[in-house]
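Engineer: FYI, the numbering for the sequence shown is -23 to -1, 1 to 385, going by mature numbering (1 follows the signal peptide of the UniProt record, and there is no 0). Dumping the structure here so I can ask a few things about it.
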Amino acid sequence: MMKQMIKSAFGLLLVAVFGMAAAQDASSTANEVKAINVARQAGGVLVKLTLKKPLSAVPVSFSVANPARIAFDLPLTTNAIGQNSQTFNEGGVRSVNFVPTDEKMRFVLNLNQAMSYDARIEGDALLISLASSAAAVKTGALVTHFAEARPLSEQHAVRDIGFRRGKDGEGRVTVDLSEGNTGIDIRQQGSTLIVDFAKTSLPEHLRKRLDVTDFATPVTAVVATQQGDGTRLTITPKGLWEHNAYQTETQFVIEVKPIIENPNKLVQGSRGGYQGEKLSLNFQNVEVRRLLQVIGEFTGMNMVVSDSVGGNLTLILKDVPWDQALDIILQQRGLDMRKNGNVILVAPRDEIATKEKLEFESRQQIGDLEPMRSESFQLNYQKAKAVQKFLTNKDQTDAVKAGSVHGR
């Protein structure tokens, strides 16, 4: 009896010790937002989020243009400010929201208009710099900070540069990089597009001019040069055009699309091909299921994802239609989707093909098992053998598969 009591007491002691250890471990990994400040700065607004502990990396983020907002997902973070919503009306920032969940807290900036943004970590603070397009134009060429460089001891490098024509006539420039965290800036300078890759070397055999006129896209030439310790890509388009850019893993892609001029439109722009509202995403090595969830949240669609969908993906998009963003994710992971009303089913391509094949075969079997129904009707001025030949023709539908025709 005494031994049993000792064992029970020892078991309770172990439970208490491990429980305290688990609680301490959870508290050690959790973070808190302690303060938020919004202030004007030259050319825009600076948002400062002060946390209990420094972040290990810039949080994943995405932005949408309508309504204009930017969201950051802070992992294992709670709001210690005491308010989940605050109004600022400062330099284009209307208000902010904190949306807590079990695994993260979403920090949302509600804006008066779409603004470009950069995020960086300084000590225990997350600094978000916002700039409107108008402010950027006043200071010179509009520069889009596509991706921020992360400190690395090694020099980045360009592995390959390619060009191809897209299905909608767009010119698609692809750049394969040695690392997925290369700093990239994009700006329009006159009638050309300039893409700068920070601290990135360019091999001698890639330092050349590509004449791509024969591809029949808006792009006529792509020139790659070494500029100091970085690489510059100069893209020369013709006519009316617009561009967008995205990155998956270590491949950076910039697309230049033709614009068909419409004299009845005050603002020219192409809405052919992908039709979704534009959004921006910045996800570094994030679960594919999480990316699909963000697309679902943005569109208001119900996203049903197969259990066999897994893996991580690095994806950076700037002002890309959401349906193109979804298409990029599916292509990168060999997935496919089917849409039914406001529900989107996502699964591996082979899985969907197998499922649809089984459904088709099942419908055929059900059709074969259905009782045969007969009906008599009169045909005037027709030969019975001619009608029989018509109904038994292999090119006809399977509707007459179980029937028979008798000449009389």
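By construction, the Cβ of each residue, glycine as well, lies at the ideal position given by its N, Cα and C atoms.
Run the CB neighbour count on Gln341, radius 10 Å, all protein chains shown included, and call it buried at 16 or more, exposed below.
Structural biologist: Under this definition Gln341 is an exposed residue.
Engineer: On a Cα-Cα basis, can you pick out the residue from Lys215, Gln270, Gly68, Ser62 that is closest to Gln18?
Structural biologist: The option with the nearest alpha carbon to Gln18 is Gly68.
Engineer: Identify the continuous alpha helix (DSSP H) that holds Leu88 and give its terminal residues.
Structural biologist: Leu88 -> not in any alpha helix (DSSP H); beta strand (DSSP E) instead, spanning 81 to 88.
Engineer: Which first and last residues belong to the beta strand (DSSP E) in which Phe49 is found?
Structural biologist: Start and end: 45 to 52.
Engineer: Relative to the alpha-carbon of residue 387, which residue among Lys255, Val10, Gln261 has its alpha-carbon at the smallest distance?
Structural biologist: Shown here, the chain extends from -23 to 385; a query on residue 387 therefore has no answer.
Engineer: Which same chain residues, not among the five before or five after Lys185, have their C-beta less than 7 Å away from its C-beta?
Structural biologist: Cβ within range, chain order: Ala201.
Engineer: Given this structure, state the Cα-to-Cα distance separating Ser178 from Ser339, to the nearest angstrom.
Structural biologist: Cα-Cα distance, rounded: 58 Å.
Engineer: With a Cβ-Cβ cutoff of 8 Å, do Gly143 and Glu232 count as a contact?
Structural biologist: Result yes, Cβ atoms of Gly143 and Glu232 sit closer than 8 Å.
Engineer: Here's the rule I'm using: 16 or more other beta-carbon atoms within 10 Å means buried, otherwise exposed. How should His182 be labelled?
Structural biologist: The residue is exposed, with fewer than 16 neighbouring Cβ atoms inside 10 Å.
Engineer: Val199 and Leu210: beta carbons closer than 8 Å?
Structural biologist: Yes.
Engineer: Relative to the C-alpha of Asn8, which residue among Ala330, Glu156, Glu80 is closest?
Structural biologist: The residue with the shortest Cα to Cα distance from Asn8 is Glu80.
Engineer: Would you call the region 269 to 278 in contact with the region 296 to 307, where contact means no fewer than 3 C-beta pairs closer than 8 Å?
Structural biologist: Flag = yes, the region 269 to 278 and the region 296 to 307 touch.
Engineer: According to the neighbour-count rule (16 or more other Cβ atoms, all chains shown, within 10 Å of its Cβ), is Asn221 buried or exposed?
Structural biologist: Asn221 should be labelled buried.
Engineer: Who does residue 388 pair with in a DSSP beta bridge?
Structural biologist: The chain is shown from -23 up to 385; residue 388 falls before or after that span and cannot be answered.
Engineer: Return helix, strand or coil for Ser285, following the three-state DSSP convention.
Structural biologist: In this structure, Ser285 counts as coil in the three-state DSSP scheme.
Engineer: Report yes if the C-beta distance between Asp300 and Gln252 is below 8 Å; otherwise report no.
Structural biologist: Taking 8 Å as the Cβ cut-off, Asp300 and Gln252 qualify as a contacting pair.
Engineer: Given this structure, state the Cα-to-Cα distance separating Glu99 from Val76, to the nearest angstrom.
Structural biologist: Their Cα atoms are separated by approximately 23 Å.
Engineer: Quick check on DSSP: helix, strand or coil for Ala91?
Structural biologist: Note: Ala91 maps to coil in three-state DSSP.
Engineer: Measure the beta-carbon distance from Thr208 to Phe174 and round it to whole angstroms, keeping in mind my assumption that it falls under 8 Å.
Structural biologist: Yes, Thr208 and Phe174 are in contact; Cβ-Cβ is about 4 Å, under 8 Å.
Engineer: Here's the rule I'm using: 16 or more other beta-carbon atoms within 10 Å means buried, otherwise exposed. How should Gly157 be labelled?
Structural biologist: Gly157 should be labelled buried.
Engineer: On a Cα-Cα basis, can you pick out the residue from Arg149, Leu292, Thr159 that is closest to His133?
Structural biologist: Looking at the Cα atoms, Thr159 is the closest of the given residues.
Engineer: What runs of the beta strand (DSSP E), each 3 residues or longer, lie entirely inside the region 127 to 170?
Structural biologist: Listed in chain order, they are 133 to 142, 148 to 154, 161 to 166.
Engineer: With DSSP as the reference, label Gly207 as helix, strand or coil.
Structural biologist: Gly207 falls in the strand class under three-state DSSP.
Engineer: Of all the options Ile212, Ala45, Thr213, which has the alpha carbon lying nearest to the alpha carbon of Asn89?
Structural biologist: Considering only alpha carbons, the answer is Ala45.
Engineer: For Thr190, I'd like the list of residues in its chain whose CB is within less than 6 Å of its CB, leaving aside the five on either flank, ordered along the chain.
Structural biologist: Closer than 6 Å at Cβ, skipping near neighbours: Thr197.
Engineer: For the candidate residues Arg149, Ser38, Leu26, whose alpha-carbon lies nearest to that of Leu256?
Structural biologist: It is Ser38.
Engineer: Please classify Val22 as buried or exposed, where buried requires at least 16 neighbouring CB atoms within 10 angstroms.
Structural biologist: So Val22 ends up on the buried side.
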